[in-house]
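Below is one structure, written out as structure tokens; the observations come after it.
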Amino acid sequence: MGCSGRYGNGDTQWMTAGAGVQHSEMFPLVHQDKPNTLDLFQIWLNLPSKDKLCPPAFAMFWDEATPYVTLNDAASGKSAKVQVVAGALEGATPLAPPPNSWAAEDANDVAIWVVTIPDGCTVTLPPARLGAAANRAIYLVQGKSAVVGGDRIGNRTGAKIDASQPLTITAEGGSTVELLLLQGKPIGEPVVQHGPFVMNTKEEIYQAFEDYQRTQYGGWPWKSGRDFVQPRETPRQAFYNGKTEYPPTAIS
0 MGCSGRYGNG DTQWMTAGAG VQHSEMFPLV HQDKPNTLDL FQIWLNLPSK
50 DKLCPPAFAM FWDEATPYVT LNDAASGKSA KVQVVAGALE GATPLAPPPN
100 SWAAEDANDV AIWVVTIPDG CTVTLPPARL GAAANRAIYL VQGKSAVVGG
150 DRIGNRTGAK IDASQPLTIT AEGGSTVELL LLQGKPIGEP VVQHGPFVMN
200 TKEEIYQAFE DYQRTQYGGW PWKSGRDFVQ PRETPRQAFY NGKTEYPPTA
250 IS
């Protein structure tokens with residue numbers, strides 16, 4: 000594909016591997032005067048068998064272009080913030096994922112929400128449009144604890160949620176909490192995974208390995224022949240479809 004980029008500060012890189020793509024994520028020490036911290040979600044969203052070999056695709060969702068929703072708690076006087084990566088919420092429409100993604104079809108009710116709630120604040124998220132026909136899970140990734148649907152969960156803990164019911168969340172423990180909510184209609188097909196490959200049968204996995212050994216999925220275009228590292232001073236940007244794209248506001 001020949002794509003490259005640098006992202007962070009709330010950005011989302013959305014890649015659909017499809018028929019195959021080589022990729023590498025590097026973590027350069029951009030800052031020399033402060034810690035170079037990393038908080039990263041790598042989410043694998045499966046494809047149905049009809050799209051397993053679709054053309055690979057790549058898109059960058061800049062944080063500045065990603066919708067956020069504010070949820071107010073009258074009782075505490077505090078407010079929560081929801082980053083809407085996928086799945087409409089409270090009238091906020093997310094950016095469009097690559098065309099062959101399972102999330103590209105509204106009927107699949109895919110949601111990816113990053114929810115930040117201050118201590119003592121209670122908010123309620125709506126049920127899935129598909130109700131119990133959708134899978135829903137939530138993970139507490141930052142903060143001490145939260146009461147989720149009446150049950151307390153701790154840091155780095157996940158829970159399966161009844162998608163047919165509104166979901167009430169209260170942050171507690173004396174700190175702001177950050178939660179990742181994932182939701183979607185099940186594809187309803189067998190899943191076989193080995194290494195980086197996810198297919199429907201073992202035979203398809205074997206074929207994927209053979210295809211990679213034969214074609215290298217297009218090879219590695221960078222001149223160094225090594226993992227591609229951009230200069231430290233390179234700003235957030237993405238190169239794809241033959242052009243360089245920058246965040247829509249101040250470059251940082």
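Anchor point for the sequence shown: position 241 equals 240 in numbering that gives the first Met the number 0, and the numbering is continuous, going up by one each time. Quick reminder that beta carbons are idealized off the backbone N, C-alpha and C, glycines included. Bear in mind that the values here come from a model prediction, so they are computed numbers and not experimental data.
Select from the options the residue whose C-alpha is nearest the C-alpha of residue i.
{"i": "Leu52", "options": "Gly130, Pro125, Gln236, Asn199", "result": "Asn199"}
{"i": "His193", "options": "Leu181, Ala207, Ala103", "result": "Ala207"}
{"i": "Asn99", "options": "Val176, Asp50, Val197", "result": "Asp50"}
{"i": "Pro97", "options": "Met59, Trp219, Arg213, Asn8", "result": "Met59"}
{"i": "Pro54", "options": "Val228, Trp221, Tyr216", "result": "Tyr216"}
{"i": "Pro263", "options": "Ile160, Asp150, Pro165, Gln141", "result": "Given that the chain is displayed from residue 0 to residue 251, the structure contains no residue 263 and the question cannot be resolved."}
{"i": "Asn45", "options": "Glu202, Ala18, Thr36", "result": "Ala18"}
{"i": "Cys120", "options": "Val113, Val146, Tyr138, Ile111", "result": "Val146"}
{"i": "Gln21", "options": "Pro247, Lys242, Gln212, Val191", "result": "Gln212"}
{"i": "Val176", "options": "Val190, Gly148, Tyr138, Val197", "result": "Tyr138"}
{"i": "Ser163", "options": "Ser174, Ala131, Val190", "result": "Ala131"}
{"i": "Leu129", "options": "Pro117, Trp112, Asp108, Val122", "result": "Asp108"}
Here's a check: name, in chain order, each residue in its chain whose Cβ is nearer than 6 Å to the Cβ of residue i, leaving out the five neighbours to either side.
{"i": "Ala249", "result": "Unreliable placement is indicated for Ala249, whose pLDDT of 47 sits below 50; the coordinate value is still reported in the next sentence. Counting only Cβ-Cβ distances below 6 Å, and skipping sequence neighbours, we find nothing."}
{"i": "Glu232", "result": "none"}
{"i": "Glu244", "result": "Ala237"}
{"i": "Gly172", "result": "Lys143, Ser144"}
{"i": "Phe196", "result": "Ile204, Ala207"}
{"i": "Ser78", "result": "Thr69, Asn71"}
With a threshold of 8 Å on Cβ separation, who are the neighbours of residue i within its own chain once the five nearest residues in sequence on each side are excluded?
{"i": "Cys313", "result": "Here the chain comprises residues numbered 0 to 251, so residue 313 is not present and cannot be evaluated."}
{"i": "Ser251", "result": "A caution first: Ser251 carries a pLDDT of 42, below 50, which makes its placement in the model unreliable, though a value can still be read off. Counting only Cβ-Cβ distances below 8 Å, and skipping sequence neighbours, we find Asn8, Pro234, Arg235."}
{"i": "Ala136", "result": "Gly157, Ala158, Lys159, Ile160, Leu180, Leu181, Gln182"}
Strictly by DSSP, which residues pair up with residue i?
{"i": "Lys80", "result": "Thr69, Thr115"}
{"i": "Gly153", "result": "Ser144"}
{"i": "Lys222", "result": "Answer by DSSP bridge pairing: none, since Lys222 is not bridged."}
{"i": "Leu166", "result": "Leu124"}
{"i": "Ser3", "result": "Phe238"}
{"i": "Tyr245", "result": "Partner(s): none; Tyr245 has no beta bridge."}
{"i": "Glu171", "result": "Ser144"}
{"i": "Tyr216", "result": "Answer by DSSP bridge pairing: none, since Tyr216 is not bridged."}
What did DSSP end up calling residue i once you bin it into helix, strand or coil?
{"i": "Tyr239", "result": "strand"}
{"i": "Asn107", "result": "helix"}
{"i": "Glu89", "result": "coil"}
{"i": "Ala132", "result": "helix"}
{"i": "Ser251", "result": "Confidence at Ser251 is low in this model, with a pLDDT of 42, below 50, so its placement is unreliable and no value can be given for it."}
{"i": "Ala158", "result": "strand"}
{"i": "Glu63", "result": "helix"}
Leaving out five residues on either side along the sequence, give the residues of the same chain with a beta carbon under 7 Å from the beta carbon of residue i.
{"i": "Ser48", "result": "Glu188, Asn199"}
{"i": "Leu37", "result": "Phe26"}
{"i": "Arg151", "result": "Ser144"}
{"i": "Leu94", "result": "Phe60, Ala64, Thr65"}
Query - Runs of beta strand (DSSP E) lying entirely within the region 13-61, each at least 3 residues, in chain order - result: 56-60
**Report entry** Entirely enclosed alpha helix (DSSP H) segments - the region 178-214, minimum 4 residues
**Finding:** 201-214
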